[in-house]
Each structure stands twice: as C-alpha cells, then as structure tokens.
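Asker: 511 is the number that this note's numbering gives the last residue of the sequence shown; the numbers go up by one with no jumps.
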Amino acid sequence: MADEKVKRKKVRRKLKSPYAWTRKWVHEGELPIEEISRLSSTYMDHLGKVLTERDAVAYWKERLTSEGFWDLDGVSGLDPGDGFFIENRGKGLLVGIAGGKDILEGANIIVSHLDSPRLDLKPRPVSGDGDTGLGMLRTHYYGGIKKYHWVNIPLCLTGKVVRTDGEVIDVSIGRKRNDPVFVIPDLLPHLSKTQNRRKLSDGIRGEELRAVAFSGPVFSDEEKDPVSRKVMSYLRRRYGISEEDLISSELCLVPAWGPREVGLDRGLIGSYGHDNRVSSFSANESLLSMRKEGKVPDRWCLSICFDKEEIGSEGPTSARSAFVELSFHRILELSGKRGTSRELSAAMSSSFALSADVKSATNPLFRSVQDPANSARLGAGLTITKYTGRGGKIGANDASAEMVSAIRRLYNEHGIVWQMQETGKVDQGGGGTVAKFLAARNMDVLDTGIPLLSMHSPFEVLSKSDLYMAYKGFSAFFLHHPVQKP
Ligand code: MN
Ligand code: MN
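#1: Is the closest heavy atom of ligand 1 to the C-beta of aspartate 70 under 7 Å?
#2: Give the straight-line distance between the Cα atoms of valine 442 and valine 193, rounded to the nearest whole angstrom.
#3: Compute every distance between the C-beta of asparagine 309 and the non-hydrogen atoms of ligand 1, then say whether any falls below 7 Å.
#4: Nearer than 7 Å: is that true of the beta carbon of histidine 174 relative to any heavy atom of ligand 2?
#5: Looking only at DSSP bridge pairs, what is alanine 386 linked to?
#6: Assuming leucine 56 and serine 490 form a contact by the criterion Cβ under 8 Å, report the distance between their Cβ atoms to the nearest whole angstrom.
#7: Expressed to the nearest angstrom, what Euclidean distance is found between the alpha-carbon atoms of aspartate 104 and cysteine 277?
#8: By Cβ distance below 7 Å, which residues in the same chain neighbour leucine 64 in space, the five residues on each side in sequence not counted?
#9: Out of curiosity, what's the CA-to-CA distance linking tyrosine 436 and alanine 405?
#10: Assuming the contact rule is C-beta atoms closer than 8 Å, arginine 402 and threonine 413 should be a hit. Round their C-beta distance to whole Å, please.
#11: Suppose contacts are defined by Cβ-Cβ distances below 8 Å. Is alanine 81 in contact with leucine 162 by that definition?
#12: In this structure, does DSSP put leucine 492 in helix, strand or coil?
#13: Distance, Cα to Cα, asparagine 177 vs threonine 342?
#14: Assuming phenylalanine 110 and leucine 89 are in contact, meaning their beta carbons sit under 8 Å apart, how far apart are those beta carbons, in whole angstroms?
#15: Determine whether the beta carbon atoms of aspartate 514 and isoleucine 229 lie at a separation below 8 Å.
#16: What alpha helix (DSSP H) runs, 4 residues minimum, are completely inside the segment 413-443?
#17: Counting pairs of Cβ atoms below 8 Å between the segment 131-151 and the segment 448-455, do you hit three or more?
#18: Nearest by alpha-carbon distance to arginine 367: which of Ala378, Ser380, Phe353, Phe499 is it?
#19: Out of curiosity, what's the CA-to-CA distance linking valine 136 and lysine 224?
#20: Are the CB atoms of valine 321 and glycine 102 within a distance shorter than 8 Å?
#21: Can you tell me which of Gly498, Val508, Ser482, Glu87 puts its alpha carbon nearest to the alpha carbon of isoleucine 170?
#22: State the beta-bridge partners of tryptophan 85 as determined by DSSP.
#23: Check whether the Cβ atoms of leucine 512 and serine 380 lie closer than 8 Å to each other.
#24: Taking the alpha-carbon of isoleucine 272 as reference, which of Tyr264, Arg188, Arg345 has the nearest alpha-carbon?
#25: For leucine 390 and glycine 337, I'd like the C-alpha separation in whole angstroms.
#26: Within its chain, find whatever has a CB closer than 7 Å to the CB of valine 508; leave out the 5 residues flanking it on each side and keep chain order.
#27: What is the chain-ordered set of residues for which the beta carbon lies under 5 Å from any non-hydrogen atom of ligand 1?
#28: What does DSSP give as the partner residues of threonine 473 in its beta bridges?
#29: Taking the straight line between their C-alpha atoms, what separation do you get for histidine 215 and glutamate 233?
#30: Using the three-state DSSP reduction, which class does glycine 54 fall into: helix, strand or coil?
#31: Based on Cα-Cα distance, which residue from Arg434, Asp290, Ser152, Ala238 lies nearest to isoleucine 58?
#32: Between which residues of its own chain and valine 349 is the CB-CB distance below 6 Å, once the five residues before and five after are set aside?
#33: If you draw a straight line from the C-alpha of leucine 72 to the C-alpha of leucine 260, how long is it?
#34: Return the chain-ordered list of same chain residues with a C-beta closer than 8 Å to the C-beta of glutamine 220, the five sequence neighbours on each side being excluded.
#35: Nearer than 7 Å: is that true of the beta carbon of glutamate 339 relative to any heavy atom of ligand 2?
#36: Which residues mark the beginning and the end of the beta strand (DSSP E) in which histidine 138 is found?
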C-alpha cells in the first residue's frame, strides 16, 4: 500500500498536470484490458440497437427479463437479492434489487436519463418543394443542439405513429445497411457568401433543419400532383398512414451511423447517444452483474432511468413525475408496509442518490473555456461533480461537503479512478441534470459521470476506461452505504 502511494506520487510529479486533482491509473499494467474490452463491446452493441428512450426501455426489459428480473406488476413479494423492474409508459424504467435491510432505511439510487438530443418531426412534417420537386420533412429539434452539426450527415427515421383506432405503426428507416437514409442539405461553399456572414449559431436555422425524404423524376403532371401529395401517397401505401395520423406520431431523425472505435489505440468510442446511455447502461449493467453473481445488497438498489431530461424534465415520464413516489409506494407495499406518507418520506429521505450523467471533457482545441484545475479529461476516470448549473450555480444541486466526502471515500476504498469536475469557467455557460429533482424529495444527491468530447453532437466521444470506471464505481456504490455511521 505504501509502495503504491509512492508510485502514485511519482507519477503525479512526472506528469506535472495542471488538471483537476484526480486519483489516476498508476501504470498501463494496471488496466484490466480484457474486462474493459468486454464491457465496451456490450456497450457498443447496446448503442447500435438503441436510438431512442423507447428503444432503451424495450432493450432493458428484454435483457432484464431474460436474466431473471421480475416485472413488479405481477409480483406479490420480494426476497433480498431479487431483481425487478417497473416501466413507465414505455419511456421510463426503474430497475431494482431488493436489499436485506428495511426499505425505510433508504435505498442506494442511481438516476440517469434515456433520451438524447435529436430532430423530432413536426406534427405536419411533409412539405413538397414545388421548384425542386423534392419532398422534405420539417423538424423541430429536441434538446440543446448545435444546428450546424446535423447537416450533410446520414439520418434515420425512427419512432411510431398511433392511429385513432389504436393501431400502433412502428417506423424504422435507415438503421439497416441497405435502408435508405435522410439528409439535411447544406449549401455548397461556392455559393455561401451570404450564409458565411451569419453567426455560427445561426449558420443553420431551426426552420432550415429539413431533411430530404423524397425525390423521383419530375413528371409533367406535377401541377395537379404536387410532391407532398406523392410523399403522402407513398406513406399510405407503404405504412397505411394518413396525413392526419402523423399528428399523433413520435417520429424523429437521428444519426444513421453506428458506434465506432476512435483512435489508433481504439481507446475511445464515438457514437450518437452516449448522453446519457452510458450512465443508464453502467448502472443497469452493475445490477445485472450483482444478480448474476448472487450478491445480496444490504440496502435496496435502484437505477431510475428517466425521459425528457434534455428538455428540462417536464411531463409524466420525467424526473419530476410522481413515478418515483409511486414506485416507492409499490416497494413499501411489497415490503408489507401500509405505505403511509410518513413511511414514504422516511424511505426517500434516508436514500442516497448519484445523479449519473455525462460531463464536459477538456477539448484540446478549446481549452480556454475551462479552468484546468477544475476540469475533467478523457481517460482520467469517473467524475465527482459537486455542482452543475450556470452563472452563479443557478439550477444546480450543490451537494454538501459531507456527501462529496462520502463518495470520495467510497471511490477511494474501492480503487475507483476518479477526478473532480466542474462544467467550465465561471460564466462561460453551463447546464444541469436531474439531480435537483431527486434532491427536492429530500434525498442526498451528488452528480457523477463520464467525461465526453463533442457532447450533444451526432458523434460524441468517450473513453473506454472511463466507461469501465463508471461500471465499477456504480457497482461499489450499490453494494456499500456511502455514509459512515459516526
Ligand atoms: Mn445528460
Ligand atoms: Mn444532455
């Protein structure tokens, strides 16, 4: 142990890093290469299959069921160590393992979200451009994107249409290798004199995010049969969808490329949707392993995966919804409690939650937006983020020193490589997570997560070793109560 301390000190001195205090990997030999690559390939498989929150819920339900987790709806009792899940409207999910202790003593909870920024179709999406003869899809972007990222890349269309007779039509075009894709065409450089004068944030405007969806030769009858009508008649023939049906649909355009390894050493993964699938994946994967290894946790372990985080956690599938309370009620009932409001608040107040979300990593091209001493780096481990927010910590859940200490100790005791992280320089911008909505239920909540490059872009980048540390860190958190008894 003493040897290791000396070694760490030496490494730190050698690196002379101006970056945030971090408990680093000591040397290359320490990396469990096989475990990292096994976890990474399961994660990449997950990313390839899951493009939306609905996909994510379907994926997890299937995996959880096949590994012996119960849908809590059909269960009359739980024994310590039993795995279960509760679904919320196909878009949210709570995964749990029953603890040996009373639920009134609280749960160890990891909260994350399943939705990612994307381009939603408008309720009346189809537009035909009479001059060019192209059929276009109008979109309204979902979440905080840089609009110019979304042009000239292959997009796939995914989601569902619900007809008034209740029939649900699943739409998925562009995911398979031979499927056609969609594209938002930017202007050629040769004719961009006017566009080039726009500000970067205005380079592509919201109403310009329209994707080419239909072409076909130009016929002489186009006057009486405009292109929008052709698009609709195609949709009717192929899917049985009318224009009015599209009003009750949830269709979106997302990048059509799958996840790829990045860099000569393949140490990074580039993909759409790391935010925040990497956190829900790491948390759920920890619970699956715990169950597989037959470990029975002391405290109840819950991984709650929300929807609508990217638009401010609004609506019944978000972190603000009573889904949390209802789930606790259900667990109280199954534990033989009456489910009084006092019991509910006791269970929630004595819970400890990690809000697991992706974090900004230092970008070598734009270092000036961060304070090096308080910023994260790819490959330097899981972050401990005391607060998020913007402009004076507004909107942050500013965790107490006691909580940071508890998690610091937990990570140190279990060999978790971690780093301290703040979003960026003061007044440079910022963002938030679902932490504050859990904190509003009188829970102790701390932000933690994995640093990303190019967050909210169609190709976000993370480090495989950080993914591994999230999995390890969350596993340790689930099995140990982070708060030491005095
Ligand atoms: Mn997120
Ligand atoms: Mn986000």
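Cβ atoms here follow ideal geometry from the backbone N, Cα and C, with glycine treated the same way.
Answerer: The relevant details are as follows:
#1: Against the sequence shown, residue 70 aligns to sequence position 45. Flag unset: Cβ of aspartate 70 not near ligand 1.
#2: Here residue 442 is taken as the residue at index 417 of the sequence shown, counted from 1. Here residue 193 is taken as the residue at index 168 of the sequence shown, counted from 1. Each residue's Cα considered, the two are about 46 Å apart.
#3: As a first step, residue 309 must be located in the sequence shown, where it is residue number 284. No.
#4: On the sequence shown, residue 174 is found 149 positions in, with the first residue counted as 1. No, Cβ of histidine 174 sits at least 7 Å from all heavy atoms of ligand 2.
#5: Against the sequence shown, residue 386 aligns to sequence position 361. Paired residue(s): Ala401.
#6: Residue mapping note: residue 56 aligns to position 31 of the sequence shown, counting from 1. Residue mapping note: residue 490 aligns to position 465 of the sequence shown, counting from 1. About 7 Å; that satisfies the 8 Å criterion.
#7: Here residue 104 is taken as the residue at index 79 of the sequence shown, counted from 1. Here residue 277 is taken as the residue at index 252 of the sequence shown, counted from 1. Those two C-alpha atoms are separated by around 41 Å.
#8: The count along the sequence shown starts at 1 and reaches residue 64 at position 39. So the list reads Leu492, Tyr493, Tyr496, once near-sequence residues are dropped.
#9: Locating residue 436 in the sequence shown gives position 411, where the first residue counts as 1. Locating residue 405 in the sequence shown gives position 380, where the first residue counts as 1. Using only the alpha carbons, I get a separation of about 13 Å.
#10: Numbered from its first residue, the sequence shown carries residue 402 at position 377. Numbered from its first residue, the sequence shown carries residue 413 at position 388. Not a contact, Cβ separation roughly 18 Å.
#11: Within the sequence shown, numbered from 1, the residue matching residue 81 stands at position 56. Within the sequence shown, numbered from 1, the residue matching residue 162 stands at position 137. Contact flag unset, no.
#12: Taking the sequence shown and counting its residues from 1, the one referred to as residue 492 is at position 467. Leucine 492: helix per DSSP, three-state reduction.
#13: The residue you call residue 177 lines up with position 152 of the sequence shown. The residue you call residue 342 lines up with position 317 of the sequence shown. Distance between the alpha carbons of asparagine 177 and threonine 342 is about 32 Å.
#14: Within the sequence shown, numbered from 1, the residue matching residue 110 stands at position 85. Within the sequence shown, numbered from 1, the residue matching residue 89 stands at position 64. About 5 Å; that satisfies the 8 Å criterion.
#15: Examination of residue 514 is not possible in this model, given that the chain is present from 26 through 511 alone.
#16: 426-438
#17: no
#18: In the sequence shown, the residue the question calls residue 367 occupies position 342. Comparing Cα-Cα distances from arginine 367 to each of Ala378, Ser380, Phe353, Phe499, the minimum goes to Phe353.
#19: As a first step, residue 136 is located in the sequence shown; it is residue number 111 there, counting from the start. As a first step, residue 224 is located in the sequence shown; it is residue number 199 there, counting from the start. Answer to the nearest angstrom: the Cα atoms are 37 Å apart.
#20: By one-based count along the sequence shown, residue 102 stands at place 77. By one-based count along the sequence shown, residue 321 stands at place 296. Not closer than 8 Å, so no.
#21: The count along the sequence shown starts at 1 and reaches residue 170 at position 145. The option with the nearest alpha carbon to isoleucine 170 is Ser482.
#22: Within the sequence shown, numbered from 1, the residue matching residue 85 stands at position 60. None, per the DSSP bridge assignment.
#23: Outside the displayed range of the chain (26 to 511) lies residue 512, so it cannot be described from this structure.
#24: Position 247 of the sequence shown, counting from 1, holds the residue named residue 272. The candidate whose alpha carbon is nearest that of isoleucine 272 is Arg188.
#25: Here residue 390 corresponds to residue number 365 of the sequence shown, with the count starting at 1. Here residue 337 corresponds to residue number 312 of the sequence shown, with the count starting at 1. Spanning the two alpha carbons is a distance of roughly 29 Å.
#26: Counting from 1 along the sequence shown, the entry for residue 508 is found at position 483. So the qualifying residues of the chain are Phe377, Ala431.
#27: Asp300, Asn301, Asp382
#28: Along the sequence shown, one-based indexing puts residue 473 at 448. Beta-bridge pairing links threonine 473 to Ala381, Ile409.
#29: If you number the sequence shown from 1, residue 215 lands on position 190. If you number the sequence shown from 1, residue 233 lands on position 208. The alpha-carbon atoms of histidine 215 and glutamate 233 are separated by roughly 19 Å.
#30: Within the sequence shown, the letter at position 29 stands for residue 54. In this structure, glycine 54 counts as helix in the three-state DSSP scheme.
#31: Here residue 58 is taken as the residue at index 33 of the sequence shown, counted from 1. Nearest option by C-alpha distance: Asp290.
#32: By 1-based counting over the sequence shown, the position of residue 349 is 324. Taken in chain order, the list of residues that qualify is empty.
#33: Locating residue 72 in the sequence shown gives position 47, counting from the first residue. Locating residue 260 in the sequence shown gives position 235, counting from the first residue. Distance between leucine 72 and leucine 260, taken at the CA atoms: about 28 Å.
#34: Here residue 220 corresponds to residue number 195 of the sequence shown, with the count starting at 1. Within the same chain, glutamine 220 has close Cβ partners Leu212, Gly228.
#35: By one-based count along the sequence shown, residue 339 stands at place 314. Checking the Cβ of glutamate 339 against ligand 2 gives no.
#36: Here residue 138 is taken as the residue at index 113 of the sequence shown, counted from 1. 132-138 is the span of the beta strand (DSSP E), which, as asked, contains histidine 138.
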